[in-house]
Amino acid sequence: GQSLEQPSEVTAVEGAIVQINCTYQTSGFYGLSWYQQHDGGAPTFLSYNGLDGLEETGRFSSFLSRSDSYGYLLLQELQMKDSASYFCAVSPFYTGGFKTIFGAGTRLFVKA
Amino acid sequence: GAVVSQHPSRVICKSGTSVKIECRSLDFQATTMFWYRQFPKQSLMLMATSNEGSKATYEQGVEKDKFLINHASLTLSTLTVTSAHPEDSSFYICSAREGTDFYGYTFGSGTRLTVV
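Top line first, the protein sequences correspond to chains H and V.
The working numbering applies: residue 342 is where the first sequence begins, and numbers increase by one.
The working numbering applies: residue 7 is where the second sequence begins, and numbers increase by one.
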């Protein structure tokens, strides 16, 4: 089975950098994804790591280390609008990659 | 980019009635769509996988007779909550993907169901 763990809440100030970690126990997956969800809204895709290493997309970067069963999402130059929930997710091998399993989510609060 | 439209966004129904939620892929064909349920401040829990032209695949613990899924075309999947009860009140979200990548799913805007 799959288990993804994230911190429940993170607070940071505007302009700062914040890292949201995701540790997992899994029998194998195609890659680690990150989604953002504002309250009452739909999740939106942010980033994907199919291979180990760092992927950068604007202010957001994501990292994966399969040997450490660990990944993170890095948000730079934080803005108030970044206050949202962030979910890591995997598509496990046993589903043929068809299903996405989500972590519990991390609520990010950005303060002025 | 890919767009998934979900309706209604909010619905209030009486206990014992049924509610239908629609999920449409607007600019791509989706042979597979997914239905999730989300309680406040919690994660998205996969309920079922909707397959065009065949029966849906339900996750363990999800009552298939209560949550009826129909995927009649390549752009439309529906979730019907039958004989709804207050404990069915939740946020229901569908998703689909364009192409065959294992990531980058597009989600509908969600439906807030309240059963009174």
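Glycine included, C-beta positions come from ideal geometry on N, C-alpha and C.
Only a predicted model underlies this, so the values are computations on that prediction, with no experimental measurement involved.
Cβ neighbours of residue 89/V in the same chain (closer than 8 Å, five flanking residues each side left out): The sequence position of residue 89/V within the second sequence is 83, counting from 1. Contacts found: 22, 23, 24, 72.
Residue 434/H - DSSP class collapsed to helix/strand/coil: To locate residue 434/H, count along the first sequence from 1; it is residue 93. Here residue 434/H sits in helix by DSSP.
Outcome for residue 447/H when other beta-carbon atoms lying within 10 angstroms are tallied against a minimum of 16: Here residue 447/H corresponds to residue number 106 of the first sequence, with the count starting at 1. It counts as buried.
Same chain only: Cβ atoms within 8 Å of residue 395/H, ignoring 5 sequence neighbours per side: Position 54 of the first sequence, counted from the start, is the residue given in the question as residue 395/H. Once the five neighbours on either side are set aside, the close Cβ partners of residue 395/H are 402, 403, 404.
Three or more C-beta pairs below 8 Å linking the stretch 373-380 of chain H and the stretch 428-438 of chain H: yes
Start-to-end residues for the beta strand (DSSP E) that takes in residue 81/V: Residue mapping note: residue 81/V aligns to position 75 of the second sequence, counting from 1. Where residue 81/V is concerned, there is no enclosing beta strand (DSSP E), given that its DSSP letter is neither H nor E.
Chain V contacts made by the stretch 438-450 of chain H, where a contact means CB separation under 9 Å: 438, 439, 440, 441, 442, 443, 444, 445, 446, 448
Counted within 10 angstroms of its Cβ, other Cβ atoms place residue 77/V as buried (16 or more) or exposed: Here residue 77/V refers to the residue found at position 71 when the second sequence is read from its first residue. Flag for residue 77/V reads buried.
Secondary structure of residue 93/V, DSSP reduced to three states: Stepping through the second sequence from its first residue, residue 93/V is reached at position 87. It is helical.
Backbone secondary structure at residue 452/H - three-state DSSP: In the first sequence, the residue the question calls residue 452/H occupies position 111. Residue 452/H: strand per DSSP, three-state reduction.
Beta-carbon proximity list for residue 407/H, same chain, < 7 Å, skipping 5 on both sides: Counting from one through the first sequence, the residue named residue 407/H turns up at place 66. Cβ neighbours of residue 407/H beyond the five flanking positions: 393.
8 Å Cβ cut-off: residues of chain V touching residue 453/H: Here residue 453/H is taken as the residue at index 112 of the first sequence, counted from 1. Those do not exist, as residue 453/H stays about 23 Å from chain V at its closest Cβ, beyond 8 Å.
Contact check, residue 52/V vs residue 99/V, beta carbons under 8 Å: The residue labelled residue 52/V in the question sits at position 46 within the second sequence. The residue labelled residue 99/V in the question sits at position 93 within the second sequence. No, the pair does not count as a contact, with Cβ atoms beyond the cut-off.
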